[in-house]
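> Sharing a structure here in structure tokens format.
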Amino acid sequence: MATNVPASIKCSECSKYFIIPQDIPEDTSKNYTFLKSNINPEGILTKCNECINKHTINIRLNRYNRKPSTDSIRPKNRINIPYQNSKFLPINKWIITIIVLLLAILSFFIIPLFTNSNDLAITVTTLKSTLERLNNTFPSLNKSFLKKVNGGLLRLKKPGEPFVFLLLHDDSNKKATDCLASYTSSIAKKNIFTKTMKSLWMNASEWVPYSSSSDLDLLHKKLMKPLEENEVLILENLQDLPWSLANCLHYLCDTVNPKFVQAMYLLELKVNVDRIEELNDAEKVVIAEEAMDKAWLEAPRSFRAALITRLTSYVDTVLLKSDDECPNNAIQPLQSDRQFINISP
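The working numbering numbers the first residue of the sequence shown as 21 and each following residue consecutively.
Take a look at the structure:
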């Protein structure tokens with residue numbers, strides 16, 4: 021559509037007069053020659069063609085030299101970085117926080133497992149060596165004893181709980197039981213519990229006068245620190261240990277949260293039974309339960325039953341022939357201060 025305008029007008033840029041075209045396109049936004057900024061509200065061109073061209077060239081140069089922004093990049097070349105968008109920041113911060121907390125919780129449970137399993141030298145080689153030494157030293161040793169030693173030591177590695185081995189004896193095989201317990205602890209210290217070379221030996225008969233609950237502190241003082249350092253304890257005459265002191269075995273031998281995860285307890289329990297050598301595994305457990313029930317009769321039944329159940333995880337008798345002599349390094353603790361630490365009042 022044409023607009024009636026004067027034949028010539030003064031340029032607002034260079035002050036020169038120029039002839040105005042008779043027809044100006046209605047859609048000037050799509051034509052560089054007739055920019056809207058060069059037309060006044062009355063539809064009259066205010067700049068000459070030369071000034072308009074200069075202005076157009078400057079616009080193009082500015083566009084060419086301008087650094088591209090993120091929005092000007094083509095979608096296919098655009099790198100989406102969600103953290104640059106403020107609306108994502110709260111969500112991402114929460115995700116990172118949750119991940120960090122989960123890793124911290126997992127490390128709390130996982131690291132102790134690796135630590136417990138790696139501190140002890142429990143391997144196929146060390147287990148095999150331990151069992152072979154026992155078998156070679158005592159050829160007449162019952163095979164069930166070796167199997168239970170193997171199973172108990174494996175539980176030190178996974179799931180990670182103390183090895184509690186209850187050895188039944190009568191008057192006839194007390195000496196053989198002492199010998200085998202001593203030698204087993206020595207081999208275990210050499211192959212598995214290698215932190216120190218000594219084991220602990222405790223005779224419960226020496227603690228009979230210390231039957232009050234206040235005497236438990238004395239036992240703690242005598243036993244806990246050496247046990248933490250040496251990890252292996254032989255406790256003879258378990259039937260003589262007063263209940264007030266035997267109660268501490270709860271948290272020493274606990275399967276869930278024991279005082280010391282890496283420990284081995286060889287407990288000797290005297291029983292009165294005919295033909296002890298003919299007992300099967302089930303009968304050994306029953307005989308052991310009856311003996312401890314009788315020894316700790318004054319204790320609450322619920323506490324007593326829980327402890328007895330734990331102490332009978334591995335039960336066996338020592339059956340050795342007379343020609344299986346006790347080695348020189350498997351002797352009573354009072355005869356060898358270099359091998360054992362005696363826990364006495």
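In this text, a Cβ means the ideal position worked out from N, Cα and C, and glycines have one as well.
Roughly how many angstroms separate the alpha carbons of residue 114 and residue 274, rounded to a whole number?
One C-alpha to the other measures close to 40 Å.
> How far does the alpha helix (DSSP H) with residue 158 in it extend, from its first residue to its last?
Neither: residue 158 is in no alpha helix (DSSP H) and is coded neither H nor E.
> To test your reading of the DSSP string, which unbroken beta strand (DSSP E) runs of 3 or more residues are found completely within the region 144 to 232?
Taking only runs of at least 3 residues, the beta strand (DSSP E) segments lying wholly in the region 144 to 232 are 183 to 189 and 219 to 223.
> When you compare only the Cα positions, how much space is there between residue 182 and residue 272?
Each residue's Cα considered, the two are about 8 Å apart.
> Nearest by alpha-carbon distance to residue 365: which of 166, 205 and 228 is it?
Residue 365 has its Cα closest to that of 228, out of 166, 205 and 228.
> Taking the alpha carbon of residue 168 as the point to measure from, which residue in 262, 301 and 363 has its own alpha carbon closest?
Closest by alpha carbon: 301.
> Taking just the CA atoms, how far does residue 334 sit from residue 152?
Rounded to the nearest angstrom, the two C-alpha atoms are 20 Å apart.
> Give the straight-line distance between the Cα atoms of residue 198 and residue 188, rounded to the nearest whole angstrom.
In a straight line, the C-alpha of residue 198 is about 11 Å away from that of residue 188.
> For residue 325 and residue 120, what's the separation of their Cα atoms in angstroms?
The straight-line gap from Cα to Cα measures roughly 43 Å.
> Out of 124, 261 and 34, state which residue places its alpha-carbon closest to the alpha-carbon of residue 222.
With distances taken between Cα atoms, residue 222 lies closest to 261.
> First and last residue of the alpha helix (DSSP H) that includes residue 250?
Where residue 250 is concerned, the enclosing alpha helix (DSSP H) stretches over 236 to 250.
> Expressed to the nearest angstrom, what Euclidean distance is found between the alpha-carbon atoms of residue 226 and residue 361?
So the two alpha carbons sit approximately 15 Å from each other.
> Among 214, 347 and 281, whose alpha-carbon lies nearest the alpha-carbon of residue 172?
Nearest of 214, 347 and 281 to residue 172, Cα basis: 281.
> Could you give the distance in angstroms between the alpha-carbon of residue 278 and the alpha-carbon of residue 144?
In a straight line, the C-alpha of residue 278 is about 25 Å away from that of residue 144.
> Grab the span of the beta strand (DSSP E) containing residue 260 for me, first residue to last.
Looking at the DSSP string, residue 260 is not in any beta strand (DSSP E), and its letter there is neither H nor E.
> Specify the secondary structure class of residue 360 as computed by DSSP and reduced to three states.
Strand.
> Please work out which residues of its chain come closer than 8 Å, Cβ to Cβ, to residue 249, disregarding the five sequence neighbours upstream and downstream, and give them in chain order.
Cβ neighbours of residue 249 beyond the five flanking positions: 215 and 216.
> Measuring only the C-alpha atoms, how far is residue 158 from residue 295?
For residue 158 and residue 295, the distance between alpha carbons rounds to 21 Å.
> Please specify which runs of the alpha helix (DSSP H), each continuous and at least 4 residues long, are wholly inside the region 268 to 319, giving them in chain order.
List check, alpha helix (DSSP H) in window: 269 to 273 and 301 to 315.
> Using the rule of at least 16 other Cβ atoms within 10 Å of the residue's Cβ for burial, across every protein chain shown, is residue 208 buried or exposed?
When all chains shown are included, residue 208 counts as buried.
> List the whole-angstrom C-beta distance separating residue 185 from residue 287, where the pair is believed to meet the contact cut-off of C-beta under 8 Å.
The pair is a contact, with the Cβ atoms about 7 Å apart (cut-off 8 Å).
> In whole angstroms, what separates the C-alpha of residue 344 from that of residue 316?
For residue 344 and residue 316, the distance between alpha carbons rounds to 35 Å.
> State the CB to CB distance for the pair residue 327 and residue 258, rounded to an integer number of angstroms; the pair is presumed to be in contact (CB under 8 Å).
Not confirmed; about 11 Å, so no contact.
> If I follow the unbroken beta strand (DSSP E) through residue 337, where does it start and stop?
Residue 337 -> beta strand (DSSP E) spans 334 to 337.
> Give a yes or no on whether the minimum CB-CB distance between residue 169 and chain D is below 8 Å.
The structure shown has no chain D; it contains just one protein chain.
> Apply the 10 Å Cβ neighbour rule to residue 255 and answer buried if 16 or more other Cβ atoms are within range, or exposed otherwise.
With 16 or more other Cβ atoms within 10 Å, it is buried.
> Just curious, the alpha helix (DSSP H) that residue 322 is in, first and last residue?
Counting along the chain, the alpha helix (DSSP H) containing residue 322 begins and ends at 321 to 331.
> Is the beta carbon of residue 340 less than 8 Å from the beta carbon of residue 160?
In this structure, residue 160 lies closer than 8 Å to residue 340 by Cβ.
> Between residue 337 and residue 290, is the Cβ-Cβ spacing less than 8 Å?
No, the Cβ-Cβ distance between residue 337 and residue 290 is not below 8 Å.
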